[in-house]
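Numbering (the numbering used here), first residue to last: 6 to 382. Think of the CB as a built atom: it goes at the ideal place given N, C-alpha and C, for glycine as much as any other residue. The structure presented is a predicted model; accordingly, all values stated were derived computationally and were not measured.
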């Protein structure tokens, strides 16, 4: 079996926040009679199946939500115990968790440090930009709690990074967002565009989605800020991914790869979906009931067809010099139309602007890396 990754959502779509742009909390309608909490039996079944089927020497457990901290720290203590139980000789497990950070306290931070968890913290910039959309269930601002959570992680020496959703509000202030994160001591950053439609299968974009031109300008401005003083000190996923195309010949981020289908989602009850962006009944692959069952679903015809479909890009994409970098983007974002009438990414103008802007500097950095490698430095 080829390598694959499971994003596990033990609390399903349940969350203590009510971010206006969230695409996942609405999934609770698929489980109207459920409390959306993974029981320990399901946890063990999923853990065993994931480890036994995974050919990688390192099995990465990705915990997301909703908000995974709603499960409580004892749930994750048991998760670590089960990983150790099922690991084969020569295998190791690592854990990465995406959180809104508002529930992090000393107990959580101690657990993360002791078990080498990598924490991704969702933060959209300074207070005015973060609080524009990231509010709690009462509509109250959350920025202060997020920063407190980050400070707790830092105090306990927990490795963490920032995940920034680039939306209609903060896309206008790229330098402000980037420098604010630097001021918090963040050294690893991800910038994820918000592109949501008002209805499933529709073409109308929500009012909080980033505009295509704005996202491109945001990335260019951050790149220039980064390039002036931060190369080798600050790591931005989008820049590393583009550099990877030049140095290794392929992008490391799934949305930019030629095909997809190897990053699936496990809901709280063991239901397996094709992708985090496609948690819909039509893309339900089944429920993880056994080791063999997981293998059959991951390598089954439905998932193969789903993953291969990404490579079916428009003629405009095939003729574009930047296709190797963006791969036609995530199919979820293909809500615009190319000249031949085929779907194309809503963000196509962004990526053309961004990749053309950074190409000269990336070529220089790549040449330096090749020279260093040839000298054995």
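Cβ distance (whole Å) where residue i is taken to contact residue j below 8 Å
i: residue 273; j: residue 42; result: 6 Å
i: residue 67; j: residue 18; result: So it is not a contact: roughly 16 Å between Cβ atoms.
i: residue 165; j: residue 118; result: Between residue 118 and residue 165 the Cβ distance is about 11 Å, and since that is not below 8 Å, they are no contact.
i: residue 179; j: residue 223; result: 4 Å
i: residue 150; j: residue 107; result: 4 Å
i: residue 344; j: residue 221; result: Contact doesn't hold; Cβ gap of about 20 Å is too wide.
i: residue 187; j: residue 265; result: Their Cβ separation, rounded to whole angstroms, is 32 Å, which puts residue 187 and residue 265 out of contact at 8 Å.
i: residue 275; j: residue 47; result: 5 Å
i: residue 290; j: residue 279; result: 6 Å
i: residue 114; j: residue 158; result: 6 Å
i: residue 333; j: residue 318; result: 4 Å
i: residue 122; j: residue 78; result: Not really, about 11 Å apart at Cβ, beyond 8 Å.
i: residue 147; j: residue 22; result: 6 Å
Of the residues the options, the one placed nearest residue i, counting alpha carbons only
i: residue 132; options: 182, 20 and 81; result: 182
i: residue 7; options: 164, 271, 61 and 26; result: 61
i: residue 357; options: 377, 225, 120 and 119; result: 225
i: residue 252; options: 93, 124, 370 and 111; result: 370
i: residue 346; options: 322, 335, 361 and 330; result: 322
i: residue 207; options: 344, 351 and 331; result: 351
i: residue 109; options: 163, 373 and 276; result: 163
i: residue 74; options: 105, 50, 318 and 300; result: 105
i: residue 13; options: 327, 84 and 348; result: 84
i: residue 297; options: 22, 16, 50 and 38; result: 50
i: residue 248; options: 228, 234, 313 and 265; result: 228
i: residue 246; options: 289, 126 and 259; result: 259
i: residue 238; options: 87, 192 and 377; result: 192
i: residue 311; options: 276, 295 and 269; result: 269
i: residue 120; options: 300, 38, 348 and 81; result: 81
i: residue 197; options: 142, 130, 366 and 143; result: 130
i: residue 101; options: 125, 79, 94 and 87; result: 125
i: residue 153; options: 143, 111 and 194; result: 111
i: residue 177; options: 147, 190, 134 and 333; result: 134
i: residue 201; options: 39, 336, 64 and 367; result: 336
i: residue 63; options: 69, 40, 78 and 11; result: 11
i: residue 3; options: 303, 348, 365 and 254; result: For residue 3 there is no data in the structure shown, the boundaries of the chain being 6 and 382.
i: residue 287; options: 295, 185, 307 and 303; result: 307
i: residue 292; options: 122, 90 and 302; result: 302
i: residue 271; options: 38, 69, 40 and 20; result: 69
i: residue 195; options: 128, 342 and 122; result: 128
i: residue 210; options: 340, 353, 184 and 284; result: 340
i: residue 374; options: 236, 96, 142 and 277; result: 236
i: residue 262; options: 313, 365 and 359; result: 313
i: residue 234; options: 277, 376 and 184; result: 184
i: residue 294; options: 283, 309, 277 and 96; result: 277
i: residue 363; options: 230, 284 and 94; result: 230
i: residue 365; options: 232, 254 and 378; result: 232
i: residue 250; options: 86, 281, 368 and 103; result: 368
i: residue 143; options: 20, 360 and 359; result: 20
i: residue 267; options: 254, 285 and 309; result: 309
Per-residue DSSP class, three states only, for residue i
i: residue 255; result: coil
i: residue 295; result: coil
i: residue 9; result: coil
i: residue 199; result: coil
i: residue 172; result: coil
i: residue 161; result: coil
i: residue 329; result: helix
i: residue 318; result: coil
i: residue 349; result: strand
i: residue 340; result: coil
i: residue 289; result: strand
i: residue 167; result: strand
i: residue 307; result: helix
i: residue 284; result: coil
Residue i Cβ short of 7 Å to the ligand COA heavy atom set
i: residue 346; result: Of the ligands one can find in the structure shown there are none, so the ligand COA has no counterpart to examine.
8 Å Cβ cutoff, residue i in contact with chain B
i: residue 232; result: Annotation note: the requested chain B is absent from the structure, which comprises a single protein chain.
Exercise for the section: Could you tell me whether the segment 157-172 touches the segment 211-225, where touching means 3 or more Cβ pairs closer than 8 Å? Expected result: Contact holds: three or more Cβ-Cβ distances are below 8 Å.
Handout entry: Start-end ranges of the beta strand (DSSP E) lying completely within the segment 105-137, minimum 3 residues
Key = With a minimum length of 3 residues, the continuous beta strand (DSSP E) runs that stay inside the segment 105-137 are 123-127.
Exercise for the section: State whether the segment 238-253 contacts the segment 51-68, with contact taken as three or more CB pairs (one from each stretch) at a distance under 8 Å. Expected result: A contact between stretches requires three or more CB pairs, one per stretch, nearer than 8 Å, and the segment 238-253 fails this requirement with the segment 51-68.
Practice task
For the segment 211-281, list the beta strand (DSSP E) runs that are entirely contained and at least 3 residues long, ordered along the chain.
Solution key: For the beta strand (DSSP E) assignment, the uninterrupted runs of no fewer than 3 residues enclosed by the segment 211-281 are, from N- to C-terminal side, 268-271 and 276-278.
Problem - Touching by the beta-carbon criterion (3+ pairs, under 8 Å), the segment 128-148 and the segment 24-38 - result: As far as the Cβ criterion goes, the segment 128-148 touches the segment 24-38, which means the pair count is three or higher.
Handout entry: Contiguous alpha helix (DSSP H) assignments of at least 4 residues, all confined to the segment 20-106
Key = Here the runs fully enclosed are 45-58 and 78-91.
Problem - Cβ pair count under 8 Å reaching 3, the segment 321-336 against the segment 29-40 - result: Output reads no: the segment 29-40 does not touch the segment 321-336.
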